[in-house]
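Going by this note's numbering, the first residue of the sequence shown is number 2, and it counts up by one from there.
Ideal Cβ positions, reconstructed from N, Cα and C, are used throughout, including at glycine.
First comes the structure, then the notes that go with it.
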Amino acid sequence: MIDYILVGKRWKSSVLNTFSIAGGDFDSDHVLAMSELHLCIWKPQQPKKSLPRYRVDLPKNIKTRNRYRTALSNKLSRIQPMEGPTAEEIDRLVDERASIIREAASKILGIQIHSDKPWITPEITDLCVQKRAHAKKNAISFQISSD
Numbered sequence: 002m003i004d005y006i007l008v009g010k011r012w013k014s015s016v017l018n019t020f021s022i023a024g025g026d027f028d029s030d031h032v033l034a035m036s037e038l039h040l041c042i043w044k045p046q047q048p049k050k051s052l053p054r055y056r057v058d059l060p061k062n063i064k065t066r067n068r069y070r071t072a073l074s075n076k077l078s079r080i081q082p083m084e085g086p087t088a089e090e091i092d093r094l095v096d097e098r099a100s101i102i103r104e105a106a107s108k109i110l111g112i113q114i115h116s117d118k119p120w121i122t123p124e125i126t127d128l129c130v131q132k133r134a135h136a137k138k139n140a141i142s143f144q145i146s147s148d
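So, in C-alpha cells, the structure goes:
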C-alpha cells in the first residue's frame, strides 16, 4: 500500500500513474514504488537577433535612389559568374551578395534611429532606470516621492 510519494510542485501535474511492486528480491518490509510521468523536454529558445532597420523613406528621393542603384550595380558587377557551381559556392555567393546589399544600404540609406514618443521626458526615463535598479535588488516596496 502506497502512503505518499513526494513530487515537486513543477512536476505534480505530470504524474500519470503510481503503483507499488511487491515481492522484491530482498529481505525488507519496504515495497518498491514506481511512478509514470509525462515528460516533455523543450529546447531552449535562442534570443532573436535584431536586424538593423534602414531608412526606407529615403529611396523616395530620386537622387538617393540613383546613388543606391549605382552603388549596388558597381559592387555586384565585380562578382564573376561560375560554370557549374557546387552547393558551397552557391552558399558563398548568396552570403557575398547579401553582405554587399547590407553594406550599400547602411552607407547610403543609413540606419533608422529609434525616437521616443513626445510624452517621454528625461525625468520619466530616470525614474524607469531607478525602478529597474530597485527591482534587481528584489525590493519589496518602492515608493517614488514627488518633490
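Euclidean distance between Cα positions of Ile102 and Leu110: The straight-line gap separating the alpha-carbon atoms of Ile102 and Leu110 is approximately 11 angstroms.
Element boundaries [beta strand (DSSP E), containing Glu97]: Where Glu97 is concerned, there is no enclosing beta strand (DSSP E), although the alpha helix (DSSP H) it sits in stretches over 88-105.
Neighbour-count burial assignment, Ala106, 16 or more Cβ in a 10 Å radius: Buried is the call here.
Contact under 9 angstroms by Cβ, Ser36 with Val8: A contact, by the Cβ cut-off of 9 angstroms.
Limits of the unbroken alpha helix (DSSP H) element including Glu124: Annotation: the continuous alpha helix (DSSP H) that includes Glu124 extends over 123-137.
Per DSSP, the bridge partner or partners of Leu33: For Leu33, DSSP records a beta bridge to Ile22.
DSSP-derived helix/strand/coil call for Leu59: Helix, per DSSP.
Residues sharing a beta bridge with Leu38, DSSP: Note: Leu38 sits in a beta bridge opposite Val16.
Cβ-Cβ separation, Arg98 to Leu77 (assumed contact under 8 angstroms), whole Å: Indeed they touch by this definition, with Cβ atoms about 7 angstroms apart.
Leu33 and Leu17 closer than 9 angstroms at C-beta: At least 9 angstroms separates the beta-carbon of Leu33 from that of Leu17.
C-beta atoms of Pro53 and Ile125 nearer than 9 angstroms: A distance of 9 angstroms or more separates the beta carbons of Pro53 and Ile125.
Nearest to Ile114 (by Cα), restricted to the options Lys44, Arg56, Lys108, Ile42: For the set Lys44, Arg56, Lys108, Ile42, the Cα lying nearest the Cα of Ile114 is the one of Arg56.
Helix, strand or coil at Ile109 [DSSP, three-state]: Here Ile109 sits in helix by DSSP.
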